[in-house]
Amino acid sequence: MEFMLDSANIEQIKDLNELITIDGVTTNPTILTKSGMQPEEALRKIAAILNKDQKLFAQVVKTDYEGIMEEARKLSAIRPENMYVKIPVTRDGLKAIKTCKEEGIHTLATAIYSASEGFLAAKNGADYLAPYTNRMCNYGDGVAEVIRLINMLKVNNMDSKVIAASFKNVDQVAALIENGIPAVTVPCDVVYQMIGHPATGVAVDEFSANWNKTYGRDSFFEE
Ligand code: G3P
522 MEFMLDSANI
532 EQIKDLNELI
542 TIDGVTTNPT
552 ILTKSGMQPE
562 EALRKIAAIL
572 NKDQKLFAQV
582 VKTDYEGIME
592 EARKLSAIRP
602 ENMYVKIPVT
612 RDGLKAIKTC
622 KEEGIHTLAT
632 AIYSASEGFL
642 AAKNGADYLA
652 PYTNRMCNYG
662 DGVAEVIRLI
672 NMLKVNNMDS
682 KVIAASFKNV
692 DQVAALIENG
702 IPAVTVPCDV
712 VYQMIGHPAT
722 GVAVDEFSAN
732 WNKTYGRDSF
742 FEE
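First residue of the sequence shown? That's 522 in the numbering used here, and the numbers climb one at a time after it.
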């Protein structure tokens, strides 16, 4: 199971990469606009934080087939390995995903709002499929639709991996992890909510207070 960060916030990516085990970083045009940097600089900085086994994802901006392919070829060359190009599943995007498969460019089919869209991108050879979980909740049960996509791929022995995206809270992430989601990409603010339940801090304070009262120090061993 892969756990990625959906962010271009350099400080938070650095911090979380030291704190927890992450398998990569996903970005999209909106996320890069919030980085305060030019897009290539932001990607270079993220790539410098990651080791070669951690994956980096960048999305095409052009929307016509030729333009998508031109940007996909350039984006896929940013790193020698583990570089993935995100392509929205529009008509032109689906066609580009098919061509990328033929050219050996790794892709993530993005902006998926239904299991059927995801299935077609899988047929075209996308490595990853990113359903927009939270946004899908505006049209019905987003979590259930993502689980439907996972099952569609499983029963048909299809290779694409579902990487659920667009999370607004911890419960949406947990609901998919407990249902066997192969990968998630989670915004840093939601990851921070997953870390450090307030009651954990209260429990630690209680341990420290009892220890100090009995032994008169803050360490296990006398110093
Ligand atoms: O990767 C982008 C996807 O996660 C969308 O997220 O928060 O814009 O719905 P959001």
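Backbone N, C-alpha and C fix where the C-beta goes; we use that ideal spot for every residue, glycine too.
Start-end ranges of the alpha helix (DSSP H) lying completely within the segment 709-735, minimum 4 residues: You should have 709-715.
Does any heavy atom of ligand 1 sit closer than 7 Å to the C-beta of D527? Sequence index remark: in the sequence shown, residue 527 carries index 6 (1-based). True, at least one ligand heavy atom lies under 7 Å from that Cβ.
Cβ pair F745, V707 closer than 8 Å: Nothing can be reported for residue 745: it is not among the residues displayed for the chain, which extend from 522 to 744.
Whose C-beta lies closer than 7 Å to the C-beta of S528 among residues of the same chain, with five residues either side of it excluded? Looking up residue 528 in the sequence shown gives position 7. Around S528: I534, V546, I552, P708 and C709.
Do A686 and ligand 1 come close, with the Cβ less than 7 Å from some heavy atom? Counting from 1 along the sequence shown, the entry for residue 686 is found at position 165. Checking the Cβ of A686 against ligand 1 gives yes.
Touch test, the segment 733-740 against the segment 556-567, Cβ-Cβ under 8 Å, three pairs minimum: no
Does the beta-carbon distance from D544 to K583 come in below 8 Å? Counting from 1 along the sequence shown, the entry for residue 544 is found at position 23. Counting from 1 along the sequence shown, the entry for residue 583 is found at position 62. No, these two residues do not count as a Cβ contact at 8 Å.
The alpha helix (DSSP H) spanning Y586 covers which residue range? Your numbering for residue 586 matches position 65 in the sequence shown. Note, Y586: alpha helix (DSSP H), Y586 to S597.
Report yes if the C-beta of R656 is less than 7 Å from at least one heavy atom of ligand 1; otherwise report no. Residue numbering aside, residue 656 sits at position 135 when the sequence shown is read from its first letter. Yes, the beta carbon of R656 sits closer than 7 Å to at least one heavy atom of ligand 1.
Would you say the beta carbon of T611 is closer than 7 Å to some non-hydrogen atom of ligand 1? As a first step, residue 611 is located in the sequence shown; it is residue number 90 there, counting from the start. Not under cutoff, so the answer is no.
For ligand 1, I want to know if T628 counts as a neighbour, meaning its beta carbon is within less than 7 Å of at least one of the ligand's heavy atoms. Position 107 of the sequence shown, counted from the first residue, corresponds to residue 628. No, since every heavy atom of ligand 1 falls outside the 7 Å radius drawn around the Cβ of T628.
Quick one: what does DSSP say V667 is sitting in, helix, strand or coil? Along the sequence shown, one-based indexing puts residue 667 at 146. Note: V667 maps to helix in three-state DSSP.
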